[in-house]
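Some notes on the structure that comes next.
In this note's numbering, the protein residues as written are 151 to 358.
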């Protein structure tokens, strides 16, 4: 591993190291994927990494190529003390709004863990139900905190795989490429074919 990458990972782990030094054993990172797309679910990932975990390339999922994310996903999920996801679909997003849907997916992800965290570190979200577990909300945490970066990769890969499966059912929209985000190609397909069951009605009002 190159010296620059070692330095970057050490910076990414600084905050967690301080928490571990206070006697905590299990620190969970949480992040979401899919708050902005016009179609598909919102997915929240949670990861409890070993204190000495040091996986090369772990970073904010948006800064990593799709191929690299897939590789890192396998490494993270095989090495993690525990990990889980929470998923809320497009229908419920329309019913309760995207912020509440994200908070619900977060709640679900925590409940899907087998190991209870001592502390939760979450990317930006506040006023969340963590089953009474203390949490810290960190702006741009997916680029600053190792376990949140790991969670961001879990969430992104999980959601991308879901959208690829949907692409086989609705090939005309190109979901495997844009994953439901509002690209020019996606918006054109919406105008040509109209919405399908995957689309968030509250998100596509300006396009149909």
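Glycine is no exception: its CB is placed at the ideal position from the N, C-alpha and C atoms. These numbers were taken from a predicted model, which means no experiment stands behind them.
CB-CB length for residue i against residue j, believed under 8 angstroms
{"i": "residue 256", "j": "residue 278", "result": "6 angstroms"}
{"i": "residue 240", "j": "residue 311", "result": "Wrong, their Cβ atoms sit about 16 angstroms apart, outside the cutoff."}
{"i": "residue 222", "j": "residue 238", "result": "24 angstroms between Cβ atoms; not a contact."}
Residue nearest to residue i in terms of C-alpha spacing, selected from the options
{"i": "residue 274", "options": "180, 157, 168 and 327", "result": "180"}
{"i": "residue 264", "options": "164, 198 and 335", "result": "198"}
{"i": "residue 169", "options": "201, 298, 305 and 151", "result": "201"}
{"i": "residue 271", "options": "259, 288, 261 and 234", "result": "288"}
{"i": "residue 249", "options": "321, 194, 164 and 161", "result": "194"}
{"i": "residue 151", "options": "204, 252, 182 and 162", "result": "204"}
{"i": "residue 285", "options": "223, 213 and 196", "result": "196"}
{"i": "residue 246", "options": "266, 192, 163 and 157", "result": "192"}
Below-8 angstroms beta-carbon distance, residue i vs any chain D residue
{"i": "residue 312", "result": "Chain labels in this structure do not include chain D; a single protein chain is all it has."}
For residue j and residue i, the rounded distance between their alpha carbons
{"i": "residue 314", "j": "residue 326", "result": "4 angstroms"}
{"i": "residue 283", "j": "residue 177", "result": "11 angstroms"}
{"i": "residue 317", "j": "residue 188", "result": "14 angstroms"}
{"i": "residue 206", "j": "residue 159", "result": "8 angstroms"}
{"i": "residue 328", "j": "residue 336", "result": "7 angstroms"}
{"i": "residue 153", "j": "residue 296", "result": "17 angstroms"}
{"i": "residue 303", "j": "residue 226", "result": "9 angstroms"}
{"i": "residue 161", "j": "residue 290", "result": "14 angstroms"}
{"i": "residue 330", "j": "residue 262", "result": "26 angstroms"}
{"i": "residue 347", "j": "residue 185", "result": "17 angstroms"}
{"i": "residue 229", "j": "residue 344", "result": "43 angstroms"}
{"i": "residue 235", "j": "residue 301", "result": "9 angstroms"}
{"i": "residue 292", "j": "residue 215", "result": "15 angstroms"}
Contact under 8 angstroms by Cβ, residue i with residue j
{"i": "residue 268", "j": "residue 175", "result": "yes"}
{"i": "residue 172", "j": "residue 244", "result": "no"}
{"i": "residue 219", "j": "residue 307", "result": "yes"}
{"i": "residue 252", "j": "residue 155", "result": "no"}
{"i": "residue 322", "j": "residue 339", "result": "yes"}
Review point. At what residue ranges does the segment 155 to 194 contain a whole run of the beta strand (DSSP E), taking only runs of 3 or more?
Key: 177 to 183
Practice item. Mind listing, in chain order, the continuous alpha helix (DSSP H) runs of no fewer than 4 residues lying wholly within the segment 216 to 254? Key: 216 to 229 and 240 to 246
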